[in-house]
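Protein chains in written order, with our numbering: chain P, 1 to 182; chain C, 1001 to 1182. Quick reminder that beta carbons are idealized off the backbone N, C-alpha and C, glycines included. See structure below.
2 protein chains.
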Amino acid sequence: MEPAINYCCTCAAPISLRVPPGDSLPRHVCDVCGAIHYRNPRMVVGSLPVYEDRILLCRRAIEPRRGCWTLPAGFMENQETIAEAATRETREEACARIELDDLYTMISVPHINQVHVIYRARLLKAEFAPGEESLEVALFDEASIPWDDIAFRTIAMTLRHFFADRAAGSFGLHVEAIAPPR
Amino acid sequence: MEPAINYCCTCAAPISLRVPPGDSLPRHVCDVCGAIHYRNPRMVVGSLPVYEDRILLCRRAIEPRRGCWTLPAGFMENQETIAEAATRETREEACARIELDDLYTMISVPHINQVHVIYRARLLKAEFAPGEESLEVALFDEASIPWDDIAFRTIAMTLRHFFADRAAGSFGLHVEAIAPPR
């Protein structure tokens, strides 16, 4: 959850929620200094690291979904590219060195204002370790993927696409969106 | 430019720039209420609408690059998918109805904290008009593209890819990044 906008972060005056001239949606506007405080979707970027026929997963040490397994991924930072974000997150969460292959899944999650972007990648050596946000990092073959303990639906979708595409012999880009869970 | 963060937008206390526990980058942290005010890259999403052999471009009515030509695109909003953002921006800026084809270019622009994402699209009818942020909307064939007056480098790159791919008979996804202009 993002912090509530009650005051202008530039001048500390109270904020109005109103539609600025020329706009069509209500925004957080400062009536004193005129600043408009937009909120936009964030990108969560990561990789699907492959070593021989196995996939590298991380068990989360932090909420949400502490204790569940996921691909190394996290919020893209200012001043970096999506490729840099995917490589950095893999290094931080799994202490793993990868080479990126093609962009693989891009899944909009509009109810939480996120877009999840995963690259296919090659793990260069079977060397990895839990980073600060991971409890455990391990390689899984298709039969041993802990499907009931995957942290996020977008990650489960990405893994399912990967095994289906690998069986079919062709990896395309998957651009999708998910609705809130029922 | 995003507004400066001097005060907490939740409680109006002064903000410190420091590395929170477990993080590795300085963030805007409120020492009174504990809120962390992250800033992350924004996505600019749009379409490359094709009608017969021509491309729909919009001449910008707003800064930056007022008076220059661009593809219909703009900031993705919270609560929408990337496909919805591309369709909405095309409707708003060019009053045009499209059907999306595949995701086409995804270009990181790290020095301004943006990722530009363009879908190929089919313009359903030769019906369009300038929306509030456009001075003019028109169809251009390859020979008449106003190359010297394209608003943004990511848009010029997307158009160059399109004409090259069309000549080659195959449209792939292009994932790239650009550095600041010299």
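Neighbour-count burial assignment, residue i, 16 or more Cβ in a 10 Å radius
i: Cys1009/C; result: buried
i: Ile1036/C; result: exposed
i: Leu124/P; result: exposed
i: His111/P; result: exposed
i: Met1076/C; result: buried
i: Ala167/P; result: exposed
i: Pro49/P; result: buried
i: Glu93/P; result: buried
i: Pro1020/C; result: exposed
i: Leu1103/C; result: buried
i: Phe163/P; result: exposed
i: Pro14/P; result: exposed
i: Leu57/P; result: buried
i: Leu1017/C; result: exposed
i: Met1/P; result: exposed
i: Ala1121/C; result: buried
i: Ile82/P; result: buried
i: Ser108/P; result: buried
i: Arg60/P; result: buried
i: Ser134/P; result: buried
i: Ala1126/C; result: exposed
i: Pro41/P; result: buried
i: Ala1129/C; result: exposed
i: Leu1100/C; result: buried
i: Leu25/P; result: exposed
i: Ile1055/C; result: buried
i: Ala4/P; result: exposed
i: Glu1132/C; result: exposed
i: Ile62/P; result: exposed
i: Glu52/P; result: exposed
i: Glu89/P; result: buried
Closer than 7 Å at the beta carbon, the chain P residues around residue i
i: Tyr1104/C; result: Those do not exist, as Tyr1104/C stays about 10 Å from chain P at its closest Cβ, beyond 7 Å.
Identity of the residues DSSP links to residue i by a beta bridge
i: Met43/P; result: Val115/P
i: Glu99/P; result: Arg122/P
i: Ala1156/C; result: Answer is none; Ala1156/C lacks a bridge partner.
i: Met106/P; result: Val117/P, Val175/P
i: Arg166/P; result: Answer by DSSP bridge pairing: none, since Arg166/P is not bridged.
i: Ser1134/C; result: Arg1060/C
i: Ile15/P; result: Cys30/P
i: Gly1022/C; result: Answer is none; Gly1022/C lacks a bridge partner.
i: His1161/C; result: Bridge partners of His1161/C: none, in fact.
i: Thr70/P; result: Cys58/P
i: Phe1140/C; result: Ile1055/C
i: Pro1049/C; result: Ala1121/C
i: Phe1075/C; result: Val1044/C
i: Tyr7/P; result: Pro14/P
i: Ile1150/C; result: Trp1069/C
i: Ile1036/C; result: Val1029/C
Partners in chain C for residue i, counting only beta-carbon separations shorter than 8 Å
i: Val175/P; result: Ile1082, Ala1083, Asp1102, Leu1103
i: Gly169/P; result: Here the premise fails: no neighbours, minimum Cβ distance about 18 Å.
Listed by chain order, chain C residues near residue i by CB distance under 7 Å
i: Arg3/P; result: Correcting the residue type first, residue 3/P is Pro in the shown sequence and not Arg. The contacting residues are Cys1009, Thr1010, Ala1035, His1037.
Neighbour flag for residue i against chain B, beta carbons, 9 Å
i: His161/P; result: Included in the structure are the protein chains P and C, with no chain B among them.
Neighbour list for residue i in chain P, Cβ cutoff strictly below 8 Å
i: Leu1025/C; result: Glu77
If contact is defined by three or more beta carbon pairs under 8 Å, each pair taking one atom from either stretch, is the segment 1026-1043 of chain C in contact with the segment 135-147 of chain P?
no
Mind checking the segment 109-143 of chain P against chain C and listing, in chain order, the residues whose C-beta falls within less than 8 Å of any C-beta there?
Pro110, His111, Asn113, Val115, Glu132, Glu133
Would you check if there are 3 or more beta carbon pairs closer than 8 Å linking the segment 1058-1078 of chain C to the segment 44-55 of chain P?
no
By the 9 Å beta-carbon criterion, what residues does the segment 1033-1051 of chain C contribute toward chain P?
Cys1033, Ala1035, Ile1036, His1037, Tyr1038, Arg1039, Asn1040, Pro1041, Arg1042, Met1043
Residues in the segment 1056-1078 of chain C with C-beta within 9 Å of chain P's C-beta atoms, listed in sequence order?
Ile1062, Phe1075, Met1076, Glu1077, Asn1078
Report yes or no: do the segment 1007-1023 of chain C and the segment 168-180 of chain P share at least 3 C-beta pairs separated by less than 8 Å?
no
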